[in-house]
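In our numbering, the protein residues as written are 2 to 468.
Glycine included, each C-beta is placed from N, C-alpha and C at the ideal position.
As structure tokens, the structure follows; a few thoughts come after it.
If you want it as structure tokens, here you go:
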């Protein structure tokens, strides 16, 4: 691999004598790693050694075809680069409670969001945000597969989030970057690298960190990370916030041979000649001040679209938050058999679909919906056509789904036919009506038995297209 000359020069400046070993490591093949779902425990992967800084992370000696694995489609694991799983270790070492409120500002495709969801369980609220509409769709798919009821997803301009009346205990700011740490895996990252790209990314990162600082509670944590090495996209972005007293750099215990910054900003670098992982830089920051200095206030205003949208909602003199809260009702009795526990859930209709949400998060989610375009919240249960109920794909993959629903067990060949949205052979033992399509313990989706027909209801936009 031919690395950019300017990049090699910057790494020699950063690493000194270590730079030769670092550059040589780029000749080695990157390892594949996965993070297992803590509740969906079955898989057929050939797991190798554990990722030392993540309780559910594992390396694979060979990369299988994940597309042809039903457990992958059912959310039993997430394919994630090992270094970025360090967030799991930081959450545990710093004692982040399971009932914390958290937001992931640059959440797609969902690696850190699903990791954070696993840490919180069903106790804390997780808000995932993504600016790019296409990436937001990928994020939504992965959140649905992970299956937790206490997650909402918004998309749009980050500045809209400044309108939120509440603050978060944990902010994840995995900022867009020049991608130096991905050179071994992505050739286009090498091709696009330039000092100008670093400058552009640095400006974006400063904006992301500004929003993160605004949204963080006093005493809360901002976890800032990039998949790049240079100081301009890491320490230099953070330094103004530390110097102003807004943020304090926090040390994270380091038994993993990571390179720790020598400056007062404690940035940890994952280098491929030291650890089994790709390039990654991570800094833990604690919010220390309630007020932004005048030089930092007003960094950006809410987008024109959202200001207009908010005025439209408020135009009648009605309180949109109060209206949103009133739209939630007790969970319908006729749908109780679909879930393990319904007592602590409220329900509402969104775009013709029934959505369930833990009652304790209704007010906060209503605030979020009032300030940013929400594309997912809670558990999408399903919709009615006349008197007939059609369960959603999200319900099938929810960790709250009842264990007592009818199901049809499939072998691998039949499961892959199902995931390709092809007709499935009728099962004489299938219950009339809705059945889960299962491969082992992997709940893939829904089938409906009507007369002699067994109809495949796997969403066509998720179907496997490769053979």
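Check	Outcome
Residue range of the unbroken alpha helix (DSSP H) whose run includes residue 138	134-147
Opposing strand residues paired with residue 225 [DSSP bridges]	174, 284
Terminal residues of the beta strand (DSSP E) in which residue 193 lies	It is not in any beta strand (DSSP E) - residue 193 instead sits in the alpha helix (DSSP H) that spans 188-193.
Straight-line Cα distance separating residue 353 from residue 384	6 Å
Residue 112 in three-state terms, based on DSSP	helix
Three CB pairs or more closer than 8 Å across the region 162-173 and the region 103-115	yes
Proximity below 7 Å, CB of residue 207 to CB of residue 246	no
Among 339, 422, 428, 440, the one whose alpha carbon lies nearest that of residue 458	422
C-beta atoms of residue 367 and residue 155 nearer than 7 Å	no
Alpha-carbon spacing of residue 41 relative to residue 77, whole angstroms	5 Å
CA nearest to the CA of residue 26, picked from 272, 268, 112, 222	272
Whether residue 416 touches residue 71 by CB criterion (7 Å)	yes
Residues bridged to residue 456 [DSSP beta-bridge criterion]	449
Residues of its chain near residue 49, where Cβ-Cβ distance is below 7 Å and the 5 sequence neighbours each way are ignored	59, 60, 61, 62
4 or more residues per run - each alpha helix (DSSP H) lying fully within the region 33-76	71-74
Cβ neighbours of residue 431 in the same chain (closer than 8 Å, five flanking residues each side left out)	407, 409, 448, 450, 455
Supposed close pair residue 264, residue 236 - CB separation, criterion 8 Å	6 Å
Exposure label - residue 217; buried when at least 16 CB within 10 Å	buried
Neighbour-count burial assignment, residue 141, 16 or more Cβ in a 10 Å radius	buried
Of the residues 200, 181, 39, the one placed nearest residue 12, counting alpha carbons only	181
Of the residues 445, 158, 129, the one placed nearest residue 152, counting alpha carbons only	129
The alpha helix (DSSP H) enclosing residue 211, as first and last residue numbers	196-216
C-alpha distance - residue 371 paired with residue 69, whole-angstrom precision	40 Å
Run of the beta strand (DSSP E) containing residue 367, from where it starts to where it stops	That residue, residue 367, is in no beta strand (DSSP E); its alpha helix (DSSP H) goes 363-372.
Coarse secondary structure for residue 98, derived from DSSP in three states	coil
Of the listed residues 452, 185, 251, nearest to residue 4 (C-alpha basis)	185
Proximal residues to residue 149 (C-beta, below 7 Å), its chain only, five neighbours per side dropped	118, 123, 400
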